[in-house]
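Single-structure report; data block below.
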DNA sequence: TTCACCTGCTAGCTTTTCTTGGCATGTGCA
DNA sequence: TGCACATGCCAAGAAAAGCTAGCAGGTGAA
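Protein chains in written order, with my numbering: chain P, 9 to 111; chain E, 9 to 111.
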């Protein structure tokens, strides 16, 4: 894993809503509106968090069709296994872009 | 680890500056001004990040005195070892405070 | 006394993130 | 045709995070 990606993953997971989304998807995949109901948050908000989770490579989406022809966007977890220690963080920090790169 | 704490730790580590600080301290402890020079950032900024790292329980500070009597605040790493998987995240999410708790 | 260090704090600005509410589109069913 | 449910997107405000510049106080050495 590259460290900008690690930064992104950590930032993505460090949010209560997104942790709950991961938990919900770990139990069972679901489509957007369904998930929103299960989690008790608005669809717009969930969609935004799902976007971030997808951008971080933590979930993936599949368009499917229900029996009655409705288009449903199913989300499911992409398994991950990260270890966070001073050593792994230090290692990642070495591949971080310089701050002088974006003046 | 409680999940609010996990959220805090992840949020704290998901920052390039703070990752560099952890990396620097993993290599060798140091005092504020020294660290600022090593990292090439302003002292005020470093102090802010050190505060967050300390609040998250990732570093600790000790006041010491140099040979010539100057007070130096040394920071060092507190070892940590976190594993991040869908399961650990789901587990943590279950102990998350309800959103209805802070209306 | 003046200089070169060290520490700590904060007011204020900029940028980013979070969140809501609304609008548009499409489907099948009564 | 009207209803229910699905998706996507965006504007705009509220809240949080990031950063700088500056001030104040302390020490030892020249």
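Just so it is clear, CB atoms sit at the ideal spot from N, CA and C, and this is done for glycine as well.
Quiz item: Three or more beta-carbon pairs under 8 Å between the stretch 26–44 of chain P and the stretch 35–48 of chain E, yes or no?
Solution: Between the stretch 26–44 of chain P and the stretch 35–48 of chain E there are fewer than three inter-stretch CB-CB distances shorter than 8 Å, so the stretches are not counted as touching.
Quiz item: Whose Cβ in chain E lies nearer than 8 Å to the Cβ of residue 115(P)?
Solution: This structure does not reach residue 115(P), given that chain P is present from 9 up to 111, and the question cannot be answered.
Self-check item: Own chain partners of residue 1(P) with C-beta closer than 6 Å, once the 5 adjacent residues on each side are dropped
Solution: Chain P is shown from 9 up to 111; residue 1(P) falls before or after that span and cannot be answered.
Quiz item: Within the 8 Å Cβ cut-off, does residue 50(P) reach chain E?
Solution: As a first step, residue 50(P) must be located in the first chain, where it is residue number 42. Proximity of residue 50(P) to chain E, defined by a Cβ-Cβ separation below 8 Å, is not satisfied.
Quiz item: What are the residues that DSSP puts in a beta bridge with residue 67(P)?
Solution: Counting from one through the first chain, the residue named residue 67(P) turns up at place 59. Beta-bridge pairing links residue 67(P) to 85(P).
Quiz item: Three-state secondary structure (DSSP) at residue 80(E)?
Solution: As a position in the second chain, residue 80(E) is number 72, starting the count at 1. Reduced to three states, the DSSP call for residue 80(E) is strand.
Practice problem: Could you tell me the distance, in whole angstroms, from the CA atom of residue 108(P) to the CA atom of residue 79(P)? | Solution: If you number the first chain from 1, residue 108(P) lands on position 100. If you number the first chain from 1, residue 79(P) lands on position 71. Legend: pLDDT at residue 108(P) = 48, less than 50; position of this residue unreliable, value from coordinates given subsequently. About 46 Å.
Quiz item: Name the chain E residues that come within less than 7 Å of residue 22(P), Cβ to Cβ?
Solution: In the first chain, the residue the question calls residue 22(P) occupies position 14. By Cβ distance, chain E contributes 15, 18, 19 and 22.
Quiz item: In terms of residue numbering, what span does the beta strand (DSSP E) encompassing residue 47(E) cover?
Solution: Within the second chain, numbered from 1, the residue matching residue 47(E) stands at position 39. Run containing residue 47(E): none in the beta strand (DSSP E); it sits in the alpha helix (DSSP H), 40–47.
Practice problem: Using a Cβ cut-off of 8 Å (strictly closer), state whether residue 64(P) contacts chain E. | Solution: As a first step, residue 64(P) is located in the first chain; it is residue number 56 there, counting from the start. For residue 64(P), the answer is no, since every Cβ of chain E falls outside 8 Å of its Cβ.
Quiz item: What does residue 85(E) reach in chain P if we use C-beta pairs closer than 7 Å?
Solution: Taking the second chain and counting its residues from 1, one reaches residue 85(E) at position 77. Identification of chain P residues near residue 85(E) by a Cβ-Cβ cut-off of 7 Å yields 94, ordered along the chain.
Exercise. Given a cut-off of 8 Å, decide if residue 89(E) and residue 93(P) are closer than it, judged by their beta-carbon atoms.
Key: In the first chain, the residue the question calls residue 93(P) occupies position 85. In the second chain, the residue the question calls residue 89(E) occupies position 81. Cβ distance < 8 Å, so residue 93(P) and residue 89(E) count as in contact.
Quiz prompt | Beta-carbon neighbours of residue 104(E), restricted to chain P and to distances below 7 Å | solution = For the purposes of this step, residue 104(E) is taken as the residue at position 96 of the second chain. Within chain P, the residues near residue 104(E) are 24, 27 and 28.
Practice problem: With a cut-off of 8 Å on the beta carbons, I'd call residue 33(E) and residue 85(E) a contact; round off their distance for me. | Solution: As a first step, residue 33(E) must be located in the second chain, where it is residue number 25. As a first step, residue 85(E) must be located in the second chain, where it is residue number 77. Indeed, because the Cβ distance is near 5 Å, the residues count as touching under 8 Å.
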